[in-house]
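Residue numbers (this note's numbering): 1000 to 1255.
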Ligand code: 1HE
């Protein structure tokens, strides 16, 4: 696998580090392929992935030094390569938590948007420099980002170059958690440990089925919800968890 990502496994959590700090973790084609390959072969015992960046920033987006002259066909294929890798992240077999510090811009924001939970440090910043560089997003931002922050916020970022900070991220929807500088990885690991304790079917329902329900109409969506509820509730593990609560062996809601 490429040197551009570094992986390790701790307590059934796979940590994936974007690892080109000298280039601010700019994503070249080799890195896109490495992410695709990694998310295609998550070891069976891994229950959650934590994605973070080495050095001062999460990710500076597309490696602009590779943005060579492309014809429309080659440009389409390049974007589709990103889409395939981002889909591998979104539809990974296990949930993905992104720990974001420093710049999370362009393709970096597209990677973060494909994760399921985002934790942002207060001084992190989100931007889409594509607007001022005369290009358009190509790694899935036009589909995923409006679902997080709304179309108006994304349009403003691209038209005016507006930057949003980590401090605003929870309120705007870039991240579900805002933390002090230096704390994003610890918080992401804490969340990953909680996520790891869920039943695999619960996690898969949220990461693979919920986005499809949201993309479908009400009628199909509600039927998919019923099917998912029936399947999830029929497993022996789910039944045991309910019985454990009724017998006082499980934590009450809100108990740590
Ligand atoms: C890069 C890249 C890059 C840094 N491609 N080499 N993304 C952008 O338009 C963002 C461009 N980057 C920046 O605005 C800044 O680098 C940062 C705000 C992210 C960080 O600033 P800083 O001061 O910490 O670092 P730096 O001094 O600007 O960069 C350090 C080195 O990284 C320098 O190389 P060096 O050889 O001179 O040391 C930079 O050239 C290099 N570097 N960012 C290539 N992005 C699927 S389509 C997605 C489309 C997009 O993502 S477009 C947005 C691209």
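Heads up, the beta-carbon is just placed ideally off N, CA and C, and yes, glycines get one too.
In this structure, residue 1173 lies away from residue 1142, with their beta-carbon atoms at least 8 Å apart. Shown here, residue 1068 sits in coil according to DSSP, grouped into three states, outside any helix or strand.
Not a single heavy atom of the ligand 1HE lies less than 7 Å from the C-beta of residue 1120. By the neighbour-count criterion, in which 16 or more other beta carbons inside 10 Å mark a residue as buried, residue 1013 falls on the buried side.
Around the beta carbon of residue 1129, a 10 Å sphere encloses 16 or more other beta carbons of the protein chains shown; the residue is thus reported as buried. Secondary structure of residue 1009 (DSSP, three-state): strand. Looking from the CA of residue 1137, the closest CA among 1213, 1075, 1024 belongs to 1075.
Remark: C-beta atoms of residue 1169 and residue 1177 approach each other more closely than 8 Å.
Comparing C-alpha distances from residue 1230 to each of 1188, 1200, 1058 shows the shortest one belongs to 1200. When C-alpha distances from residue 1163 are compared across 1244, 1196, 1125, the shortest belongs to 1125. If you draw a straight line from the Cα of residue 1139 to the Cα of residue 1083, it is about 10 Å long. The criterion of a C-beta distance shorter than 8 Å is satisfied by residue 1116 and residue 1094. In this structure, DSSP gives residue 1170 a helical state, which the three-state scheme calls helix.
Of the other Cβ atoms in all chains shown, 16 or more fall within 10 Å of the Cβ of residue 1105; this residue is therefore buried.
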